[in-house]
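In UniProt numbering, the protein residues as written are 1 to 258. The C-beta atom is built at its ideal place from N, Cα and C for all residues, glycine as well. Note that the coordinates shown come from a computational prediction; the quantities given were computed from them, not determined experimentally.
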């Protein structure tokens, strides 16, 4: 029977649920746990079908939210990286009473590029979907390499992400296809204008998947949110710039009402 992996560690008095991105698992947070655990009770989750949360079918965002909610603290800060940002944002829209603050990391309410919107070219996502069936490992490795491109520690950061993937059983191809379908189709730009909780958006200045040009566009759409662009970081700022990343999180947590 499918079982969700949910690990809680840390001595802080505020709950922080951390959701990883496509193809990965909660192991991505390893190098910042020691820095954050004095400030938060960390809830490290493998999304349904990923990592140790085996046995789940491919899911849409709403289904993921429904599977996470029963495990969640009564009220927590929810952090989502990349694909995880769409899941955390959806949960905050549907259940604002369960969320004290929302943090999106290298995430976009709409990952697909459109005429007036920077993002991933639709054909790039379609190609990844097609290539997954043909060569799973090489496709995932290419996607991980894209996430660290341009940083001073790109090769080292990509190795770290790859080791997180290879340390656990690979997700089913259908689950990965479902994740790419979420990135291709979900658009939360309008719904997020009604968000009722404090929102911090963290970007990498060199991110090729979620371009920094998104930040000012969302500043205009969501004037109550706060945006931070980490210089010289790409799609995984918590790996390449762990100290600066953690400082933003801790400061945000301190500002939230009890």
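1. Is the separation between the beta-carbon of residue 234 and that of residue 151 shorter than 8 Å?
2. How do the region 130-146 and the region 99-110 stand: do at least 3 beta-carbon pairs fall below 8 Å, yes or no?
3. With distance defined between alpha-carbon atoms, name the residue in 38, 14, 15 and 42 nearest to residue 27.
4. Where do the ends of the beta strand (DSSP E) carrying residue 153 lie?
5. According to DSSP, simplified to helix, strand and coil, what is residue 78?
6. I need the boundaries of the alpha helix (DSSP H) containing residue 208, first residue and last residue.
7. Does residue 148 pass the burial test, meaning 16 or more other C-beta atoms within 10 Å, or should it be called exposed?
8. Going by beta carbon distance, what residues of the same chain come within less than 8 Å of residue 8, once the five residues before and after it are set aside?
9. Residue 197 and residue 203 - do their beta-carbons sit closer together than 8 Å?
10. Below 8 Å on the Cβ atoms is my guess for residue 17 versus residue 72; work out the distance and round it to an integer in Å.
11. Are there 16 or more other CB atoms within 10 angstroms of the CB of residue 207, so buried, or fewer, so exposed?
12. So which of 38, 23 and 92 has the shortest CA-CA distance to residue 48?
13. Beta-carbon of residue 148 versus every beta-carbon of chain B: anything under 8 Å?
14. Please state if the CB of residue 191 and the CB of residue 93 are separated by a distance shorter than 8 Å.
15. Considering Cα atoms alone, identify which of 109, 172, 255 and 136 is closest to residue 218.
Short version:
1. yes
2. No, they do not touch.
3. 42
4. Run containing residue 153: none; DSSP gives neither H nor E here.
5. strand
6. Unbroken run through residue 208: none, as it is neither H nor E.
7. buried
8. Correct list, in chain order: 41, 42, 43 and 44.
9. no
10. 6 Å
11. buried
12. 23
13. Of the protein chains in the structure, only one exists, and it is not chain B.
14. Yes; because the gap between Cβ atoms is below 8 Å, this pair is in contact.
15. For the residues 109, 172, 255 and 136, the minimum Cα distance to residue 218 belongs to 109.
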